[in-house]
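Novice: When we follow this note's numbering, the leftmost residue of the sequence shown carries the number 439, and every step to the right adds one. We treat Cβ as the ideally placed atom computed from N, Cα and C, and that holds for glycine. Structure incoming, see below.
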Amino acid sequence: MTNKKRALLIRAIAFMMVGGLSMVLMQASVKLLSDALHPFVITLFRALLVFIIILPILLWNGLGTVKTSSVKLQVIRGGVGGVCMLCMFTGFSLVSLPEATSLLFTVPIFATILSVMFLSERVGIKRWGAILLGFAGILVITRPDVSLNLGHLLLLSAAILWSISIVIAKKLTEKDTIISITFWQAMGCVPLALIASLFVWETPTLTQLLYLLGIAGLGTLGHALVYASLKLGKVSFLLPLDYIRIIWSTLLGFLLFGSLPTLYLYAGTFLIISATAFISYREIQKNKEI
Numbered sequence: 439m440t441n442k443k444r445a446l447l448i449r450a451i452a453f454m455m456v457g458g459l460s461m462v463l464m465q466a467s468v469k470l471l472s473d474a475l476h477p478f479v480i481t482l483f484r485a486l487l488v489f490i491i492i493l494p495i496l497l498w499n500g501l502g503t504v505k506t507s508s509v510k511l512q513v514i515r516g517g518v519g520g521v522c523m524l525c526m527f528t529g530f531s532l533v534s535l536p537e538a539t540s541l542l543f544t545v546p547i548f549a550t551i552l553s554v555m556f557l558s559e560r561v562g563i564k565r566w567g568a569i570l571l572g573f574a575g576i577l578v579i580t581r582p583d584v585s586l587n588l589g590h591l592l593l594l595s596a597a598i599l600w601s602i603s604i605v606i607a608k609k610l611t612e613k614d615t616i617i618s619i620t621f622w623q624a625m626g627c628v629p630l631a632l633i634a635s636l637f638v639w640e641t642p643t644l645t646q647l648l649y650l651l652g653i654a655g656l657g658t659l660g661h662a663l664v665y666a667s668l669k670l671g672k673v674s675f676l677l678p679l680d681y682i683r684i685i686w687s688t689l690l691g692f693l694l695f696g697s698l699p700t701l702y703l704y705a706g707t708f709l710i711i712s713a714t715a716f717i718s719y720r721e722i723q724k725n726k727e728i
């Protein structure tokens with residue numbers, strides 16, 4: 439391995455690790471702030487403040503940066519993303535941080551099912567087995583007969599909705615830029631979050647506005663770093679590093695909220711990560727064959 443390739447690999451690893459940490463910090467911040475502000479209000483400001491973060495790029499490169507090839511798909515994805523974020527942020531306020539992170543790792547499982555339904559992709563017996571393994575992990579974590587609550591259902595709904603968003607994004611990325619997709623996703627969230635917020639409105643204080651700006655910044659930074667990481671290195675090597683998020687969330691869950699993971703959480707997380715890792719591996723192998 440040349441020095442240049444080694445430097446790129448180190449940078450890709452750093453981006454993936456910091457990106458994952460940024461997203462977990464965002465989730466923890468939402469959970470902390472939800473004690474004082476309703477999650478719907480947090481969702482609204484999370485979406486609005488993305489525009490402020492992206493504004494320097496728009497001023498530098500012009501409005502052409504957010505040009506889209508399909509307004510229809512962007513509107514649909516924005517609506518789906520808006521409901522997804524409302525469910526996700528509300529879910530963060532109701533369950534522990536490690537549980538939330540683990541349940542959101544089910545996105546590749548639902549995305550695979552949706553790809554079969556709407557993109558006519560073929561899925562072999564091994565991937566179907568991985569999907570069933572992932573669902574077994576969900577059952578172990580949520581334990582429907584004992585501890586299933588609204589937070590679990592909202593986070594699973596968010597995972598399904600985010601899977602739909604990913605399927606639409608696959609089509610959009612053929613012609614649209616990442617900045618364009620990020621912008622329209624955020625702007626699509628605003629109307630839904632605004633309507634939902636009107637019923638529970640609480641005006642944020644200056645301190646809370648700074649927290650909200652931090653939440654928007656961490657979320658945007660996290661996604662940008664993960665995308666940048668995947669562009670620099672091999673997906674097969676980098677994607678498993680994303681699972682380090684469960685370590686971050688466990689540590690933050692203990693330090694900030696005093697929550698300790700249960701044996702059921704460990705076991706369920708292991709099943710979900712095993713399933714999503716295998717699905718990702720099979721997807722990479724399939725792309726190599728094309």
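1) What beta strand (DSSP E) runs, 3 residues minimum, are completely inside the region 612 to 644?
2) Using 10 angstroms around the beta-carbon of F527, count the other beta-carbons present and answer buried if the total reaches 16, otherwise exposed.
3) Can A597 and A485 be called in contact, C-beta distance under 7 Å?
4) Taking Cβ to Cβ, would you say D614 is nearer than 7 Å to S507?
5) Between the alpha carbons of L693 and K510, how many angstroms are there, rounded?
6) Grab the span of the alpha helix (DSSP H) containing A474 for me, first residue to last.
7) Give the DSSP-derived three-state secondary structure of R683 in the structure shown.
8) For Y649, I'd like the list of residues in its chain whose CB is within less than 6 Å of its CB, leaving aside the five on either flank, ordered along the chain.
9) Measure from the alpha carbon of L599 to the alpha carbon of each residue in I617, R581, Q623, then state which is nearest.
10) What residue range is occupied by the uninterrupted alpha helix (DSSP H) comprising G567?
11) What's the gap between the Cα of I731 and the Cα of I685?
12) Can you confirm whether the region 537 to 545 touches the region 572 to 583 when touching is taken to mean that 3 or more C-beta pairs between the two stretches lie within less than 8 Å?
13) Nearest-angstrom Cα distance between V504 and L496?
14) Assuming F716 and A568 form a contact by the criterion Cβ under 8 Å, report the distance between their Cβ atoms to the nearest whole angstrom.
15) Could you give the first and the last residue of the continuous alpha helix (DSSP H) run that contains S508?
16) Return the chain-ordered list of same chain residues with a C-beta closer than 6 Å to the C-beta of I492, the five sequence neighbours on each side being excluded.
17) If you follow the alpha helix (DSSP H) that T539 is part of, which residue opens it and which one closes it?
18) Express the C-alpha separation of T643 and S467 in angstroms, rounding to a whole number.
19) By the 10 Å Cβ neighbour count, where 16 or more other Cβ atoms means buried, how is S585 classified, buried or exposed?
20) Helix, strand or coil for N441, going by three-state DSSP, please let me know.
21) May I have the straight-line CA-CA distance separating T688 from L535, to the nearest angstrom?
22) Just to confirm, is the Cβ distance from L475 to E612 under 7 Å?
23) Could you give the DSSP three-state label for G696: helix, strand or coil?
24) With three or more C-beta pairs closer than 8 Å as the rule, is the region 450 to 469 touching the region 654 to 666?
25) Roughly how many angstroms separate the alpha carbons of S667 and S460, rounded to a whole number?
26) Going by alpha carbons, who is nearest to L679 out of V456, S635, R515?
27) Can we count C627 as close to the ligand SAH, meaning its CB is less than 6 Å from some heavy atom?
28) Excluding the 5 residues flanking L592 on each side, which residues of the same chain have their C-beta closer than 8 Å to its C-beta?
Specialist: Short version:
1) none
2) buried
3) no
4) yes
5) Here the alpha carbons of K510 and L693 stand approximately 44 Å from one another.
6) A474 -> no alpha helix (DSSP H), and no H or E assigned at all.
7) helix
8) The residues are L471.
9) Ranking I617, R581, Q623 by Cα distance to L599 puts Q623 first.
10) Element bounds for G567: 563 to 580.
11) Absent from the structure is residue 731, since the part of the chain shown begins at 439 and ends at 728.
12) The region 572 to 583, when compared against the region 537 to 545, does touch it at the 8 Å Cβ threshold.
13) 8 Å
14) 4 Å
15) No alpha helix (DSSP H) contains S508, which DSSP labels as neither H nor E.
16) F621
17) Per DSSP, the continuous alpha helix (DSSP H) segment holding T539 begins and ends at 535 to 542.
18) Distance between the alpha carbons of S467 and T643 is about 16 Å.
19) exposed
20) Reduced to three states, the DSSP call for N441 is helix.
21) Rounded to the nearest angstrom, the two C-alpha atoms are 7 Å apart.
22) no
23) coil
24) Counting Cβ pairs under 8 Å, three or more are found: they touch.
25) 14 Å
26) V456
27) Summarising the ligand content, the structure contains no ligands, and the ligand SAH is consequently not present.
28) C525, M526, T528, G529, L532
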